[in-house]
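Engineer: Okay, here's the structure, questions in a sec.
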Amino acid sequence: RCVRLTFFFIFLVAFVLAWMLIALPGSYVIAETKRYDPAYGLKLTLGACDLDFLPGSTADVEYASLTSARSFRFVVRSTDANIAEALTARNPLGCESEVLQSCRRVCLVKVTVPPGATGAFRVDQASVQKGGAVP
């Protein structure tokens, strides 16, 4: 009886470890944030990613996605690598299998707009289909 119980726990631990090695690496969210010039604005080219504009005190753009859907590139100023001029983000997984085809859980871009921002935002946003072909 004790031997069966020991083998059961060994099997259970092995199963949980295998699940963690297979499922977890692509299922957690990683975010990266850059500042942008509120007087210049920002160009956003998105493929199968949701976009939020939020009021705030700083001019920030944040890209957050599951590690398995991570595909982005910030274009920064030639004079200051900390200031973004554009963001191209693509979700290679697509959102067709998500609830209501919402990409928020998989890929989300948040733009914080401070009061008095005068720059324009240019947004090219592709569909939720797999690959999110960016125009």
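Numbering (the numbering used here), first residue to last: 1130 to 1264.
Note that CB positions come from ideal geometry on N, CA and C, so glycine has one too.
Given a threshold of 16 other Cβ atoms within 10 Å of its Cβ, counted over all protein chains shown, does G1223 qualify as buried or as exposed?
Structural biologist: Counting the other Cβ atoms within 10 Å of the Cβ of G1223 gives 16 or more, which makes it buried.
Engineer: Per the contact definition of three or more C-beta pairs closer than 8 Å, is the stretch 1212-1221 in contact with the stretch 1170-1190?
Structural biologist: yes
Engineer: Going by the DSSP bridge assignment, what does F1182 pair with across the sheet?
Structural biologist: F1182 pairs with V1240.
Engineer: Measure the alpha-carbon distance for F1136 versus V1145 and round it to whole angstroms.
Structural biologist: Distance from the CA atom of F1136 to the CA atom of V1145, rounded to whole angstroms, is 14 Å.
Engineer: Between the Cα of V1242 and those of A1193, C1131, P1184, spot the shortest distance and give me the residue it belongs to.
Structural biologist: The shortest Cα separation from V1242 among A1193, C1131, P1184 belongs to P1184.
Engineer: Kindly list the residues whose CB is nearer than 7 Å to the CB of A1198, restricted to its own chain and excluding five residues on each side of it in sequence; keep chain order.
Structural biologist: N1220, P1221, L1222, V1235, C1236
Engineer: Is T1217 helix, strand or coil by DSSP?
Structural biologist: strand
Engineer: Please report the distance separating the alpha-carbon of A1255 from that of T1208.
Structural biologist: Whole-angstrom Cα-Cα distance: 30 Å.
Engineer: Taking the DSSP output, what are the residues bridged to I1159?
Structural biologist: S1194
Engineer: If we count the other Cβ atoms within 10 Å of its Cβ and call it buried at 16 or more, is C1131 buried or exposed?
Structural biologist: exposed
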